[in-house]
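So the number in this note's numbering is just where the residue sits in the sequence shown, counting from 1, plus 142. Even for Gly, the Cβ is constructed at its ideal location relative to N, Cα and C. One structure below.
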Amino acid sequence: MRVFVTGATGYIGRAVVRAVQQAGHAVVGLARSEGAAEALIGAGCEPHRGDIADPAGLAPAVAGADAVIHTAVGMGGGIVGDADHAAVDAMIAGLAGRDGTLILTSGLAVYQGYRVPFVDESTPLDDVVEPQRPRVALEERVLAAGARGVRPVVVRPGHVYGDGSAGIFTRTLLDAARAAGHGVFVGDGYGLFATLHLHDLAAAYVAALTDASASGRYNLVGQAIAMRDVATAMSHGVGGGGSASALTLDEAVERWGPLGRGLLGGPMVSSVRATAELGWSPSGPSLAYELIRGSLRAAA
Ligand SMILES: NC(=O)c1ccc[n+]([C@@H]2O[C@H](COP(=O)([O-])OP(=O)(O)OC[C@H]3O[C@@H](n4cnc5c(N)ncnc54)[C@H](OP(=O)(O)O)[C@@H]3O)[C@@H](O)[C@H]2O)c1
143 MRVFVTGATG
153 YIGRAVVRAV
163 QQAGHAVVGL
173 ARSEGAAEAL
183 IGAGCEPHRG
193 DIADPAGLAP
203 AVAGADAVIH
213 TAVGMGGGIV
223 GDADHAAVDA
233 MIAGLAGRDG
243 TLILTSGLAV
253 YQGYRVPFVD
263 ESTPLDDVVE
273 PQRPRVALEE
283 RVLAAGARGV
293 RPVVVRPGHV
303 YGDGSAGIFT
313 RTLLDAARAA
323 GHGVFVGDGY
333 GLFATLHLHD
343 LAAAYVAALT
353 DASASGRYNL
363 VGQAIAMRDV
373 ATAMSHGVGG
383 GGSASALTLD
393 EAVERWGPLG
403 RGLLGGPMVS
413 SVRATAELGW
423 SPSGPSLAYE
433 LIRGSLRAAA
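Structure (structure tokens):
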């Protein structure tokens with residue numbers, strides 16, 4: 143297969159590119175700068191110069207691909223906007239009528255603010271918080287393309303970590319732990335952090351790409367861990383011996399804005415659908431291991 147990957151120079155995209163290549167497929171990567179194009183050539187990809195903000199410029203790469211893996215989503219500070227919708231429209235137009243695969247990267251942010259014990263892909267998203275509505279609408283736009291001869295897949299990763307880095311929530315807490323010399327959590331710390339190793343995420347993209355029956359939304363969680371335990375693990379990693387302190391929600395919001403609210407943690411998120419339909423079985427080291435003994439360990 144020939145696969146067009148957007149965000150191919152990003153944290154998730156780089157891992158996806160490697161996994162797709164290892165599965166024997168050719169990758170064309172979107173590059174918005176000369177430096178990105180060179181990095182892609184170095185990674186064994188064919189670069190396609192363009193920008194998400196210029197949907198027409200994406201068309202030739204989409205037309206030449208059997209599948210698109212779209213990870214450069216919501217690049218305006220994590221908020222999905224009109225440019226994301228226009229870019230996805232261009233991808234759908236180029237894949238329609240030929241069973242082309244479109245894999246959209248969404249996220250568990252669609253459940254932000256859900257104060258229920260458990261969610262899965264059938265949980266109605268009527269109560270989604272205002273800033274996440276365009277993300278949900280983007281998912282629906284992709285899924286509706288199923289009626290136009292596109293195979294639509296939406297992946298919703300949890301908080302990704304691995305290879306010495308992590309998503310914004312983990313990095314924010316780790317920076318706070320390094321500054322304090324011990325772990326930090328918000329509220330009572332009993333909310334859950336839905337985590338996912340980068341390599342397990344990449345494996346899910348490959349499974350969704352290569353299994354022609356894969357379609358629809360897939361939540362992806364390797365392990366759910368209490369926010370309090372995230373703080374304890376970070377404490378061990380930064381030399382704090384496992385001690386942790388709590389911030390109130392108000393203190394967290396004052397310090398980190400809306401992200402602070404997300405650090406309360408969330409519900410248990412099911413990803414059994416990915417196991418049942420994609421044969422996906424996450425096996426990467428846990429976030430706690432990476433923080434204490436692995437690639438995210440900060441203290442000697
Ligand atoms: N990381 C996580 O924990 C996590 C969890 C759930 C969902 N997600 C979602 O996954 C997606 C990717 O996240 P990430 O962590 O891999 O992000 P990232 O490391 O910031 O990578 C972003 C990628 O998109 C490219 N890009 C940015 N703006 C662009 C534009 N206007 N046109 C073309 N390319 C553009 C960047 O290119 P340059 O190299 O040129 O900057 C880079 O390759 C996001 O939608 C994010 O919300 C992430």
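DSSP lists 218 as the bridge partner or partners of residue 221.
A distance criterion of 6 Å places the beta-carbon of residue 332 beyond contact range of ligand 1, judged by its closest non-hydrogen atom.
Nearest neighbour of residue 355 by Cα position, chosen from 181, 383, 415 and 228, turns out to be 415. Residue 425 sits in coil when the DSSP states are folded into three classes, being neither helix nor strand. The beta carbon of residue 159 lies closer than 7 Å to those of 147, 150, 169, 171, 185 and 187 in the same chain, with the five residues before and after it left out. For residue 328, the three-state secondary structure derived from DSSP is strand.
Assignment of residue 284 by DSSP, reduced to helix, strand and coil, places it in the helix class. Taking 7 Å as the cut-off, the Cβ atoms of residue 319 and residue 372 do not count as close. When beta bridges are read from the DSSP output, residue 194 appears opposite no residue. Put simply, the segment 232-245 touches the segment 211-223. At least three CB pairs are less than 8 Å apart. Between ligand 1 and the CB of residue 424, the shortest heavy atom gap is not smaller than 6 Å.
Every alpha helix (DSSP H) of 4 residues or more that sits fully in the segment 337-390 is shown, in chain order, as 340-352 and 369-379. Rounded to the nearest whole angstrom, the C-alpha separation of residue 293 and residue 156 is 23 Å.
CA-CA distance, residue 306 to residue 435, rounds to 12 Å. In this structure, the alpha-carbon of residue 278 lies about 8 Å from that of residue 267.
If you look at residue 303, you'll find it in the beta strand (DSSP E) that goes 301-304. For ligand 1, a non-hydrogen atom lies closer than 6 Å to the CB of residue 214. Inter-residue distance for residue 153 and residue 367 is about 22 Å (C-alpha atoms, whole angstroms).
The straight-line gap separating the alpha-carbon atoms of residue 331 and residue 388 is approximately 8 Å. Two segments are said to touch when three or more pairs of C-beta atoms, one from each, lie closer than 8 Å; by this definition the segment 398-415 touches the segment 252-263. Taking a C-beta distance under 7 Å as the contact criterion, residue 229 and residue 194 qualify as a contact pair.
Relative to ligand 1, the beta carbon of residue 153 is positioned inside 6 Å of a heavy atom.
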